[in-house]
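To start, the structure itself, in structure tokens.
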Amino acid sequence: AAEDIAPGGDEGGNTPGGDDAGNTGGSGTVALPGNNVGNLAYSADIPLLAREGSFNVANNRGKVTVLNFWGTWCPPCRNEMPDFDRIAAEYAESVTVFAVHTYPKATDTYNPVSYVNQYFPDSKIVFGVNDVNGSFYDLYGGDGYYPFTVIIDAEGIITYRNSGALSYEQLKALINEALQ
């Protein structure tokens, strides 16, 4: 069973797919921007962790994007990160794993930059950071629980959205589905 920092989560509604160019997912309807499964993922420039620049889902079209909202203060988040690292390496040509650290809490025992440098120095994961208000987490439909993962296909359509830790096998199956 998936473990999260507190029970909760929802994959959202299954809405027919498409993209902002008017292409459809075969159902004849155009995907509208939103944060539910079947929606065109919102576009936002999310700052990178400890370096200049930002990541934007819209600029990653052509590859699957895995957005993982996590925190060093969250044991299930830390526990699943090696599986995300493995996926990022195995699927480097077709998938971008973007791990967005939520704003540090007073109880945070790990500095996120030090943590990433110590445990993932050569990772293919792109690490980002949420703003102080948690705006990016909210934008993608965060429900207050961590970890929170959103998978977006190569056309920009959300194929998965849920809170709770994912195993390597679960993550691989979700990515393979998004790659089809």
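My numbering runs 9 ahead of the 1-based position in the sequence shown.
Positions of the beta carbon are idealized from the N, C-alpha and C atoms, including for glycine.
Please report the straight-line C-alpha distance between residue i and residue j, rounded to a whole angstrom.
i: N139; j: R95; result: 23 Å
i: F129; j: P156; result: 18 Å
i: R87; j: A108; result: 11 Å
i: Y119; j: V39; result: 43 Å
i: A97; j: T105; result: 7 Å
i: Y149; j: L49; result: 11 Å
i: G80; j: T111; result: 5 Å
i: A182; j: V141; result: 33 Å
i: T168; j: L76; result: 12 Å
i: Y177; j: L41; result: 30 Å
i: P84; j: P91; result: 13 Å
By the DSSP assignment, the alpha helix (DSSP H) with residue i in it spans what residues?
i: F145; result: S144 to L148
i: I166; result: Run containing I166: none; DSSP gives neither H nor E here.
i: N126; result: P121 to Y128
i: A53; result: Counting along the chain, A53 falls outside any alpha helix (DSSP H), and DSSP gives it neither H nor E.
Helix, strand or coil for residue i? Go by DSSP, reduced to three states.
i: N65; result: coil
i: I184; result: helix
i: P97; result: For the sequence presented, residue 97 should be read as Ala rather than Pro. It is helical.
i: I156; result: Residue 156 is actually Pro in this sequence, not Ile. P156: coil per DSSP, three-state reduction.
Just reading off the beta strand (DSSP E) that residue i is part of, what are its end residues?
i: G80; result: It is not in any beta strand (DSSP E) - G80 carries neither H nor E in the DSSP assignment.
i: I134; result: Premise fails: I134 is in no beta strand (DSSP E) and is neither H nor E.
i: T111; result: Where T111 is concerned, there is no enclosing beta strand (DSSP E), given that its DSSP letter is neither H nor E.
Give a yes or no on whether the minimum CB-CB distance between residue i and chain C is below 8 Å.
i: I167; result: Any reference to chain C falls outside this structure, which holds one protein chain only.
Give the C-beta separation of residue i and residue j to the nearest angstrom, bearing in mind that I take them to be a contact with Cβ-Cβ under 8 Å.
i: L188; j: E89; result: Between E89 and L188 the Cβ distance is about 20 Å, and since that is not below 8 Å, they are no contact.
i: R170; j: N69; result: So it is not a contact: roughly 17 Å between Cβ atoms.
i: A59; j: V159; result: That belief does not hold up - the Cβ atoms of A59 and V159 are roughly 22 Å apart, past 8 Å.
Counting pairs of Cβ atoms below 8 Å between the stretch 59-66 and the stretch 118-138, do you hit three or more? Yes, the stretch 59-66 is in contact with the stretch 118-138.
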